[in-house]
Amino acid sequence: MPKTASAVSSMEVLILNTGGTINMILGQRGYVPEPYFLTESLRTQNRFHDPLEESLFSHSSSAQLPSMITPRSTAPGGIQKRVRYAVLEWDPLLDSSNIEITDWIRIATEIELNYAAFDAFVILHGTDTMSYTSSALSFLLEDLGKTVIVTGAQIPLSQLRNDAVDNLLGALVLAGHYIIPECCLFFNHTLYRGNRVSKISSYDLNAFASPNFPPLVNVGIDIVVNWNDVMRQTSLRRFRSHKATLRLFPGITAATVRAFLAPETQGVVLETYGAGNAPQRSDLVGALKEACDRGVVIVSISQCAKGSVSDAYETGRSLLSAGVVSGGDMTPECALTKLSYLLSKPELSFSEVRALVGTPLRGELTRPVSVIPPRSASQGHRQQPREHLRGALAGSPALLRPDPRQTRRNIAIGGGLVNCVEPASRRSPLHSAALNGSAGALVHLRDSLGHTPLYYAARQGHEQVVEVW
Ligand code: ASP
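In this note's numbering, the protein residues as written are 21 to 489.
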C-alpha cells in the first residue's frame with residue numbers, strides 16, 4: 021500500500037538535551053561531550069529519521085525547531101504512528117554532576133514554554149544525578165497532562181556497542197505512543213516513576229532501580245503498560261529552596277547534628293537506620309528536637325533501599341515524638357527534592373509543609389494503610405471548582421472537572437480502559453464524555469480529526485465540565 025500522510029497519526033515530541041555520557045565522544049583525555057554530535061548522528065540513522073516520512077509530513081505544527089521524524093510503527097488497533105521530534109540542545113552540554121537547582125528550573129521552564137506546541141517531552145541527562153532531576157521535576161511540573169521522560173546512557177551513542185540507542189529510541193517511542201502524564205525515568209527497557217528511582221550501578225546497563233514501586237512500563241517483545249499505576253494530572257509552577265541530608269552513623273555526635281541544623285537550614289533529610297530508628301541518646305534526640313522546635317523540617321527516611329520508616333520501634337517513635345516527620349518509603353533523591361519544593365512555597369506554613377511531606381503528591385510514597393493524611397489548605401484550595409472555558413481551545417494546561425458518578429465508574433474500570441480509543445473514530449471515553457456533557461480522563465488525547473476532548477466540550481457549549489488555569 022502506498023504511504024500517504026493521512027493514513028498515519030503522529031505525535032510531536034521535544035527532546036531537551038542537557039548533556040551526559042550519551043553525547044560524548046572519546047577524546048585524548050577520555051570521554052568529553054561533543055556539541056551537536058547527537059542530533060547529527062540521529063539524522064543519519066534511519067530508525068531515528070526517515071527522509072521519506074519527512075517528505076510526506078504535513079507541516080501543521082507550531083514548533084519552530086528543525087525536526088526529525090521516525091519511521092512508522094504499528095500501534096495497538098493496527099493504527100500506524102510515527103514520532104516527529106525536535107532537539108533543543110544546551111550549550112554547554114553538562115556533566116550531570118554539575119547540575120544545580122537552577123538547571124531543574126531551566127528544564128521545567130523550557131517544558132512550560134513549549135508545553136502547548138508538543139505532545140510529550142524527553143530529557144537527555146547524565147546518569148549520575150538523573151534520579152535527582154526526575155524527582156525534582158515530578159514536583160516542579162504540577163498537574164502535568166503530558167508525558168515527560170528523563171533518559172541517558174551508560175555508553176555514549178558514539179560507541180559501536182552502546183545503550184544509548186535503546187534508551188533514546190525506547191523513550192521516544194513511549195513518549196510518542198502513550199500518554200503517561202508523569203515525570204518518568206526510562207532506562208534499560210523499563211519506564212519508572214521518576215521520583216521512585218535511585219542509581220544503583222555505575223557499570224551495569226541496568227543502572228537504576230525502583231525499590232518500593234513497580235515499573236510503569238516494561239519494554240520487551242511487547243510494550244506492557246501498567247495502567248493501574250499511571251497517574252493523571254494537569255499545570256506548571258516554579259520553585260527554589262534550601263535543603264541537606266544527614267546520615268546517621270554509630271557514634272555520630274550531637275555537635276555534628278547541631279552544626280548541620282544551624283539556623284540557616286530550613287529542612288533536613290535524616291537517613292535513619294532500618295525502619296526509621298536512631299540511637300536512643302538524649303543529646304542526639306535533644307539536638308533534633310531543638311531544631312524541630314525552631315521550625316526546621318526534619319524528614320526521616322531509611323538507609324535501606326527497600327522498606328519504609330515506621331513507628332514500629334521505640335527507637336523510631338522517639339524521633340517522631342521529637343518532631344521528626346516520617347518520609348515513608350521515599351528515596352533520598354525524592355525526599356530531598358520534595359522537601360526543597362515544599363519549602364520553596366511561601367504560601368505553605370511550617371505545619372502544612374510537615375503534613376505534606378508524608379502525603380503522596382505525585383505517587384512518590386506509599387501511604388501506610390492505617391494513616392489518613394491531613395488535608396492541607398493548598399489542596400483544599402485546588403479542589404474548589406472554577407468554571408472558565410477561556411483558553412481551552414488555545415491548548416492551555418487544563419483539567420476536565422470530573423462528574424462524581426463518572427469518576428467512580430472510571431476508577432472501577434481502571435486507567436487502561438479510560439485511555440483506550442475506539443478504533444473506528446479514534447475517540448477516547450473522554451472525547452465521548454465531552455461530547456455528552458460529562459467528563460473524567462486524559463485531556464490531551466486527539467481523535468482522528470485532530471481534536472481534543474476540550475475542543476468538543478467548548479464547541480458543544482459544555483462549560484460546566486471544563487476547568488482552565
Ligand atoms: N558523569 C556522567 C553524567 O552524569 C555520567 C553519565 O552520564 O552516565 O553526566
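Each residue gets a CB set at the ideal place from its N, CA and C atoms; glycine is no exception. Treat the numbers as computed from the prediction; the structure is a model and nothing was measured.
Query                                                                                                                   : Result
Separation of residue 157 from residue 291, as counted between CA atoms                                                 : 22 Å
Proximity test, residue 147 beta-carbon vs the ligand ASP heavy atom, cut-off 8 Å                                       : yes
Straight-line Cα distance separating residue 286 from residue 33                                                        : 38 Å
Touching by the beta-carbon criterion (3+ pairs, under 8 Å), the region 266–273 and the region 229–243                  : no
Close-in-space but distant-in-sequence residues of the same chain around residue 130 (CB under 7 Å, 5 per side omitted) : 36, 108
Same chain, Cβ closer than 6 Å to residue 354, five either side skipped, listed in chain order                          : 155, 215, 384
heavy atom of the ligand ASP below 8 Å from residue 174 C-beta                                                          : yes
Neighbour-count burial assignment, residue 236, 16 or more Cβ in a 10 Å radius                                          : buried
Residue from 132, 204, 478 whose Cα sits closest to the Cα of residue 187                                               : 204
Residue 141 beta carbon less than 9 Å from that of residue 169                                                          : yes
Three-state secondary structure (DSSP) of residue 291                                                                   : strand
Identity of the residues DSSP links to residue 219 by a beta bridge                                                     : 228
Cβ neighbour criterion (16 or more within 10 Å) applied to residue 322                                                  : buried
Run of the alpha helix (DSSP H) containing residue 312, from where it starts to where it stops                          : 302–314
CA nearest to the CA of residue 207, picked from 30, 125, 219, 293                                                      : 219
Chain C within 9 Å of residue 327, Cβ atoms only                                                                        : The structure shown contains no chain C; it holds only a single protein chain.
Test item: CB-CB of residue 249 and residue 228 under 9 Å                                                               : no
Test item: CB-CB of residue 496 and residue 172 under 9 Å                                                               : The displayed coordinates of the chain run from 21 to 489. Any statement about residue 496 would go beyond what the structure contains.
Residue 171 in three-state terms, based on DSSP                                                                         : strand
The region 319–333 contacting the region 291–302, beta-carbon criterion three pairs below 8 Å                           : yes
Spatially closest choice to residue 251 from 380, 277, 120, 289, by CA coordinates                                      : 380
Given residue 217 as reference, the closest of 225, 230, 277 once Cα atoms are compared                                 : 230
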